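K.L.:
Residue numbers (the working numbering), protein chains in the order written: chain A, 171 to 651; chain B, 171 to 651. What follows is a structure written as structure tokens; I'll ask about it next.
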Ligand SMILES: Cc1ncc(COP(=O)(O)O)c(C=O)c1O
Ligand SMILES: Cc1ncc(COP(=O)(O)O)c(C=O)c1O
């Protein structure tokens with residue numbers, strides 16, 4: 171609003187300003203209108219102009235005056251417009267230039283349709299996690315620390331949380347002190363920090379193929395190029411292929427690997443491969459970034475050795491989080507940065523400051539307790555049961571030619587479908603019907619996985635899930651080449 | 171540890187591994203040692219080798235066996251080493267290459283010494299905020315939503331929180347819908363996203379001089395160059411000087427401004443300057459990024475009009491947070507990205523995923539209530555009282571030649587000292603004595619502010635604070651040129 175125009179129209183301008191706010195939903199029915207005094211100050215107008223604006227809005231039926239309380243937005247039936255939001259199906263890919271249009275388009279598109287059955291995410295369903303224990307713990311922390319929410323957060327994360335993470339890391343063969351750990355907003359922020367610490371825009375990063383689409387998006391948004399290394403559904407990244415790439419591509423500065431229950435494949439690297447990979451990266455002086463967010467989810471409770479446990483030169487960065495294994499709603503992750511640790515600490519400070527304390531304190535005691543081990547045991551069983559149920563339903567309903575390696579842990583199934591006419595149609599048709607899946611083409615920059623889809627097998631296996639799978643199978647059938 | 175060496179030494183290697191963990195603090199006194207069964211799997215050894223390792227550690231006094239519970243780390247008096255941490259005063263600036271060595275060095279150095287009196291941060295002290303009300307609200311949310319902590323977080327932030335932010339934004343003259351807002355981890359993350367959305371590495375960004383050191387660090391860590399525009403302690407950035415810069419520097423892609431209670435100056439831009447600035451940036455097609463985190467802290471309760479309220483072309487990005495005004499411990503901020511909003515949403519997804527819900531829900535109701543307005547009124551009075559007390563103490567104790575413009579809001583005082591021999595000595599001497607201040611040189615890439623310091627005037631004005639100010643004054647005196 172331009173306050174410099176003719177005073178005769180001023181009250182109308184002010185009224186129009188607030189009318190727009192009411193129409194757009196910024197001022198919702200029942201909300202208090204700024205006081206007349208506030209209006210005079212905000213718009214540099216006289217009391218009578220401000221009053222005139224309010225009276226006009228009242229006359230038009232937009233406001234109601236409440237005695238001694240000022241003006242309130244009425245709850246009018248005739249024009250109850252919802253807040254504007256983006257119209258369905260109008261996604262402008264140019265908005266995502268440099269943020270991986272293919273992946274961004276998938277993420278944005280998912281939001282356009284209400285979801286009934288979600289096979290697209292990579293978290294267990296809420297019933298798989300110890301909600302009551304976490305809620306109790308958080309309530310307890312709030313009671314114990316009455317000033318927690320108003321006290322500036324400590325650097326690098328809560329000391330108690332980092333201690334218990336260091337202790338748990340021992341089970342994966344890593345010897346870390348609490349100071350070797352920085353708490354982050356999930357594995358996603360950890361990966362951003364790791365990549366920012368060891369690369370410059372323009373550098374090349376070797377990744378598994380197929381790989382977690384979030385990683386492809388992170389890489390491109392940081393101006394990094396990626397090179398995809400063949401990866402086996404059984405044993406993970408091919409160390410031989412990577413070795414060749416390192417010999418021929420001198421621009422590779424980092425390798426990112428998900429050693430355990432890789433997303434989307436579900437592969438687990440044998441220890442011998444992990445040792446060879448660590449040695450190969452050390453030999454080429456290339457940073458090795460380990461994303462180990464699924465490690466605890468094996469059907470077999472045997473602890474898996476982290477890549478980082480082979481780190482002799484501080485050249486392996488370990489990233490992980492609690493979203494898959496303990497608390498999808500808490501956004502807690504961490505990073506141990508090897509020789510780049512001080513750098514990563516500072517990048518974390520510059521990027522988002524240290525994490526707030528409540529979530530960290532809330533999980534710290536639980537993570538140190540035997541209850542956590544019991545939760546993991548239950549979670550493993552539940553994931554396994556549901557995975558087998560979904561795999562069986564797929565075998566029953568999907569067309570001949572569908573292929574599937576069922577992993578020995580985690581919650582993801584990577585389905586190879588028979589050749590399709592138009593891959594994107596399967597995703598889009600299902601989406602419109604409220605069934606979300608992750609289409610194969612977002613797991614790579616190539617076209618290699620166009621006939622694949624990734625399904626979350628951890629959702630409750632109820633009639634809704636089964637009929638969604640059947641419907642999916644029909645859609646696939648309708649698109650067979 | 172290499173598992174391929176002679177079996178005769180295996181148990182010793184394993185024992186040494188865990189001994190190292192105990193010594194480094196990764197396995198702390200009282201912690202449970204991994205079970206013998208776990209050791210066999212983790213190190214691929216036989217049961218007897220694993221047992222031998224544990225027995226050796228027990229013999230050496232490091233572990234104790236508890237019946238049916240396994241081995242635990244003893245609480246030995248003789249070698250209770252604390253976890254390793256970086257040795258004081260050994261800061262290696264090369265770690266911070268590209269993350270603003272000057273600012274990073276300040277941040278890292280602050281951590282090396284325990285703090286008694288902290289004048290260096292930019293938050294009110296905990297007693298300035300409604301701790302009990304926030305704690306009650308968080309407890310209430312946890313009770314109302316038993317599955318909150320285990321449910322994946324919604325995109326862009328909690329709808330209720332974004333609604334109330336949109337409503338409150340009206341008081342600052344902005345007409346936003348909830349969809350125009352993305353919740354972030356503080357203003358820091360918001361600034362990162364804004365800059366990433368509108369610039370490419372190598373671009374130039376115009377900033378106030380002096381400016382918030384965190385911004386200088388963000389800019390350099392993103393590979394951006396900065397150009398410093400003269401800024402008045404009274405009226406903020408010089409629009410004339412910026413205009414000149416825009417004419418002569420075609421690489422400028424964005425301007426970042428703190429219009430209200432600028433950090434460190436405390437300046438407030440008059441509305442005419444804000445309008446002129448908005449018009450100037452529009453004319454040059456340069457993004458204008460507004461960091462408005464202090465707006466509510468004026469001595470006078472008059473709402474201040476956000477720069478964004480002059481946004482006709484979607485070219486102004488508004489960033490703010492709750493740390494200064496409501497909850498230093500909650501790390502809640504937000505961004506409204508104008509024409510780059512879809513891009514910013516996606517960058518937020520790629521950088522750290524949406525914020526967790528608990529904190530947002532906890533503050534949403536409070537922000538919408540009259541209790542929040544009462545809190546702000548109290549906070550304003552408290553900040554003003556303390557600011558005047560500290561300013562008076564400075565006038566009493568600091569040497570002649572000290573200059574100070576006392577702002578009309580906020581919590582920061584920007585002191586110009588008489589010329590000093592070695593500026594850094596004041597900061598370092600005070601730091602060693604447990605008194606943290608922010609030295610002037612971190613607020614610029616130039617040497618212009620070497621004789622300045624920034625003090626937080628909001629800490630309780632008790633005898634400790636007064637004697638710290640007196641001591642500071644002495645240190646300054648000892649360094650006069
Ligand atoms: C391999 C991998 N890394 C990282 C993430 C994201 O982790 P977070 O939710 O902790 O940010 C995922 C989640 O899908 C993942 O599968
Ligand atoms: C101008 C300015 N912007 C941003 C910040 C950081 O804000 P937040 O704590 O919300 O990340 C500060 C805090 O010192 C500040 O003074």
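Just so it is clear, CB atoms sit at the ideal spot from N, CA and C, and this is done for glycine as well. Because the structure is a prediction, the values reported are computed rather than measured.
Around the Cβ of residue 199 of chain B, are there at least 16 other Cβ atoms within 10 angstroms (buried) or fewer (exposed)?
P.N.:
Numbered from 1 along the second chain, position 29 holds the residue referred to as residue 199 of chain B. Label assigned to residue 199 of chain B: exposed.
K.L.:
Out of curiosity, what's the CA-to-CA distance linking residue 529 of chain B and residue 232 of chain B?
P.N.:
On the second chain, position 359 is the one that residue 529 of chain B refers to. On the second chain, position 62 is the one that residue 232 of chain B refers to. Each residue's alpha carbon lies about 42 Å from the other.
K.L.:
State buried or exposed for residue 235 of chain B, treating a residue as buried only when at least 16 other CB atoms are found within 10 Å of its CB.
P.N.:
Taking the first residue of the second chain as position 1, residue 235 of chain B is located at position 65. By the 10 Å Cβ count, residue 235 of chain B comes out exposed.
K.L.:
Quick test of the definition: if touching needs 3 or more C-beta pairs under 8 Å, does the segment 344-353 of chain B touch the segment 205-222 of chain A?
P.N.:
No, because fewer than three Cβ pairs between the segment 344-353 of chain B and the segment 205-222 of chain A fall closer than 8 Å, the two stretches do not touch.
K.L.:
What is the DSSP secondary structure of residue 582 of chain A, counted as helix, strand or coil?
P.N.:
For the purposes of this step, residue 582 of chain A is taken as residue 412 along the first chain, with counting starting at 1. In the structure shown, residue 582 of chain A sits in a strand (DSSP, three-state: E or B).
K.L.:
Can you give me the start and stop residues for the alpha helix (DSSP H) that residue 269 of chain A sits inside?
P.N.:
What you label residue 269 of chain A is simply residue 99 of the first chain in a count that begins at 1. Segment: none, residue 269 of chain A is in no alpha helix (DSSP H) and carries neither H nor E.
K.L.:
Cutting at 8 Å between CB atoms, please list the residues of its own chain near residue 523 of chain A, excluding the five before and the five after it.
P.N.:
Residue 523 of chain A sits at position 353 when you count from the first residue of the first chain. Closer than 8 Å at Cβ, skipping near neighbours: 323.
K.L.:
May I ask which residues mark the beginning and end of the alpha helix (DSSP H) holding residue 228 of chain A?
P.N.:
Working through the first chain from its first residue, we reach residue 228 of chain A at position 58. It spans 217-229 - the alpha helix (DSSP H) in which residue 228 of chain A sits, taken as one unbroken run.
K.L.:
Mind reading off the beta-carbon distance from residue 577 of chain B to residue 384 of chain B? Whole number of angstroms is fine, and I expect it under 8 Å.
P.N.:
Position 407 of the second chain holds residue 577 of chain B. Position 214 of the second chain holds residue 384 of chain B. Not quite, the Cβ-Cβ distance comes to about 19 Å (not below 8 Å), so this is no contact.
K.L.:
Quick one: what does DSSP say residue 202 of chain B is sitting in, helix, strand or coil?
P.N.:
In the second chain, residue 202 of chain B corresponds to position 32, counting from 1. The answer is strand: DSSP assigns residue 202 of chain B an E or B state.
K.L.:
Residues in the same chain with beta-carbon distance under 8 Å from residue 650 of chain A, minus the five sequence neighbours each way, listed in chain order, please.
P.N.:
Taking the first residue of the first chain as 1, we reach residue 650 of chain A at position 480. For residue 650 of chain A, where only same-chain residues beyond five positions count, the Cβ hits under 8 Å are 569, 588, 589, 590, 591.
K.L.:
Between residue 388 of chain A and chain B, is the shortest Cβ-Cβ distance under 7 Å, so that the two count as touching?
P.N.:
Counted from its first residue, the first chain places residue 388 of chain A at position 218. Yes, residue 388 of chain A lies at the interface with chain B (some Cβ there is under 7 Å from its Cβ).
K.L.:
Starting from residue 446 of chain B and walking both ways along the beta strand (DSSP E), at which residues does that stretch end?
P.N.:
The residue labelled residue 446 of chain B in the question sits at position 276 within the second chain. Counting along the chain, residue 446 of chain B falls outside any beta strand (DSSP E), though it belongs to the alpha helix (DSSP H) covering 441-454.
K.L.:
Check each candidate in B:186, B:405, B:307 and name the one with the smallest Cα separation from residue 312 of chain A.
P.N.:
Position 142 of the first chain, counted from the first residue, corresponds to residue 312 of chain A. Nearest option by C-alpha distance: B:307.
K.L.:
For the alpha helix (DSSP H) containing residue 599 of chain A, name the first residue and the last one.
P.N.:
On the first chain, residue 599 of chain A is found 429 positions in, with the first residue counted as 1. Here the alpha helix (DSSP H) through residue 599 of chain A covers 593-602.
K.L.:
Would you kindly work out how many angstroms separate the C-alpha atoms of residue 402 of chain B and residue 227 of chain A, rounded to a whole number?
P.N.:
What you label residue 402 of chain B is simply residue 232 of the second chain in a count that begins at 1. What you label residue 227 of chain A is simply residue 57 of the first chain in a count that begins at 1. So the alpha carbons of these two residues sit roughly 40 Å apart.
K.L.:
For residue 457 of chain B and residue 368 of chain B, which I take to be in contact (beta-carbon distance under 8 Å), what is that distance rounded to the nearest angstrom?
P.N.:
What you label residue 457 of chain B is simply residue 287 of the second chain in a count that begins at 1. What you label residue 368 of chain B is simply residue 198 of the second chain in a count that begins at 1. Right, their Cβ atoms sit about 4 Å apart.
K.L.:
Along the chain, where does the alpha helix (DSSP H) containing residue 535 of chain A start, and where does it finish?
P.N.:
Here residue 535 of chain A refers to the residue found at position 365 of the first chain. Its alpha helix (DSSP H) spans residues 527-538.
K.L.:
Quick check on residue 343 of chain B: buried or exposed, where buried means 16 or more other Cβ atoms within 10 Å of its Cβ?
P.N.:
Taking the second chain and counting its residues from 1, the one referred to as residue 343 of chain B is at position 173. It is buried - the Cβ of residue 343 of chain B has at least 16 other Cβ atoms within 10 Å.
K.L.:
Pull up the CB-CB distance for residue 321 of chain A and residue 604 of chain B, whole angstroms please, since I reckon it's below 8 Å.
P.N.:
Your numbering for residue 321 of chain A matches position 151 in the first chain. Your numbering for residue 604 of chain B matches position 434 in the second chain. Not confirmed; about 18 Å, so no contact.
K.L.:
Starting from the Cα of residue 316 of chain A, find the closest Cα among B:318, B:506, B:296 and give me that residue.
P.N.:
Position 146 of the first chain, counted from the first residue, corresponds to residue 316 of chain A. Measuring from the Cα of residue 316 of chain A, the nearest candidate turns out to be B:296.
K.L.:
Using a beta-carbon distance cut-off of less than 7 Å, what residues from the segment 491-516 of chain B approach chain A?
P.N.:
Under the 7 Å Cβ criterion, the segment 491-516 of chain B contributes 497, 498, 499, 500, 501, 512, 513, 516.
K.L.:
What separation, rounded to the nearest whole angstrom, lies between the Cα atoms of residue 185 of chain A and residue 224 of chain A?
P.N.:
For the purposes of this step, residue 185 of chain A is identified with residue 15 of the first chain, where counting begins at 1. For the purposes of this step, residue 224 of chain A is identified with residue 54 of the first chain, where counting begins at 1. When rounded, the distance between both Cα atoms is 7 Å.
K.L.:
Would you mind telling me which residues of chain E sit closer than 9 Å to residue 521 of chain B, beta carbon to beta carbon, in chain order?
P.N.:
Reference to chain E is not applicable here, since the protein chains of this structure are A and B.
K.L.:
At least one CB of chain A closer than 7 Å to the CB of residue 284 of chain B: is that the case?
P.N.:
Taking the first residue of the second chain as 1, we reach residue 284 of chain B at position 114. Not one chain A Cβ lies under 7 Å of residue 284 of chain B.
K.L.:
At a cut-off of 6 Å, is residue 526 of chain B close to ligand 4 when judged by its beta-carbon and the heavy atoms of the ligand?
P.N.:
Although ligand 4 was asked about, the structure shown includes only ligand 1 and ligand 2 as ligands.
K.L.:
Quick one: which residues of the segment 313-326 of chain A get their C-beta closer than 7 Å to a C-beta of chain B? List them in chain order.
P.N.:
Answer set for the segment 313-326 of chain A: 316, 317, 318, 319, 320, 321, 322, 323, 325.
K.L.:
What separation, rounded to the nearest whole angstrom, lies between the Cα atoms of residue 593 of chain A and residue 534 of chain B?
P.N.:
By one-based count along the first chain, residue 593 of chain A stands at place 423. By one-based count along the second chain, residue 534 of chain B stands at place 364. Roughly 42 Å separates the two Cα atoms.
K.L.:
Using the three-state DSSP reduction, which class does residue 476 of chain B fall into: helix, strand or coil?
P.N.:
For this step, residue 476 of chain B is matched to residue 306 along the second chain. Three-state result, residue 476 of chain B: coil.
K.L.:
Hey, quick one: how far does the alpha helix (DSSP H) through residue 362 of chain B stretch, first residue to last?
P.N.:
Within the second chain, residue 362 of chain B is the residue found at index 192, counting from 1. First-last of the alpha helix (DSSP H) with residue 362 of chain B: 356-368.
K.L.:
Name the chain A residues that come within less than 7 Å of residue 281 of chain B, Cβ to Cβ?
P.N.:
Here residue 281 of chain B refers to the residue found at position 111 when the second chain is read from its first residue. Those are 325, listed as they occur along chain A.
K.L.:
Could you check the C-alpha separation between residue 268 of chain A and residue 393 of chain A for me, to the nearest Å?
P.N.:
Here residue 268 of chain A corresponds to residue number 98 of the first chain, with the count starting at 1. Here residue 393 of chain A corresponds to residue number 223 of the first chain, with the count starting at 1. The alpha-carbon atoms of residue 268 of chain A and residue 393 of chain A are separated by roughly 7 Å.
K.L.:
For the beta strand (DSSP E) holding residue 398 of chain A, just list the boundary residues, first then last.
P.N.:
Walking along the first chain from the start, residue 398 of chain A turns up at place 228. First-last of the beta strand (DSSP E) with residue 398 of chain A: 395-402.
K.L.:
Please write down, chain order preserved, every residue whose beta carbon lies under 6 Å from a heavy atom of ligand 2.
P.N.:
Those satisfying the condition are, in chain order, A:523, B:292, B:356, B:357, B:358, B:382, B:384, B:428, B:433, B:461, B:463, B:491, B:493, B:503.
K.L.:
Would residue 556 of chain B be called buried (16 or more neighbouring beta carbons within 10 Å of its own) or exposed?
P.N.:
On the second chain, position 386 is the one that residue 556 of chain B refers to. Buried, by the Cβ-count rule.
K.L.:
Strictly under 7 Å for the Cβ-Cβ distance: is residue 481 of chain B near chain A by that measure?
P.N.:
As a first step, residue 481 of chain B is located in the second chain; it is residue number 311 there, counting from the start. For residue 481 of chain B, the answer is no, since every Cβ of chain A falls outside 7 Å of its Cβ.
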